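Residue numbers (the working numbering): 334 to 393. Working notes for the structure below.
Written out as structure tokens, the structure reads:
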């Protein structure tokens, strides 16, 4: 009975650690993807022609 309970606790802990590790890996990959997209947007903004403020607003 005690051996079965210890085995159950061990398996539950192992599965919890496995799930926690996979969650951390997925979160890190998502963070890297978001950073890459942000860097790409920044590079697009830097490559876009910069217009002066007077060109953006119609003059009355």
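Even for Gly, the Cβ is constructed at its ideal location relative to N, Cα and C. Computed from a prediction, not measured in an experiment: that's the story for all the values here.
Alpha-carbon to alpha-carbon, residue j and residue i
i	j	result
residue 357	residue 343	21 Å
residue 375	residue 361	21 Å
residue 350	residue 382	50 Å
residue 377	residue 366	17 Å
residue 354	residue 347	11 Å
residue 341	residue 359	27 Å
residue 334	residue 345	16 Å
Assigned secondary structure, residue i (DSSP; H/G/I helix, E/B strand, else coil)
i	result
residue 357	helix
residue 352	helix
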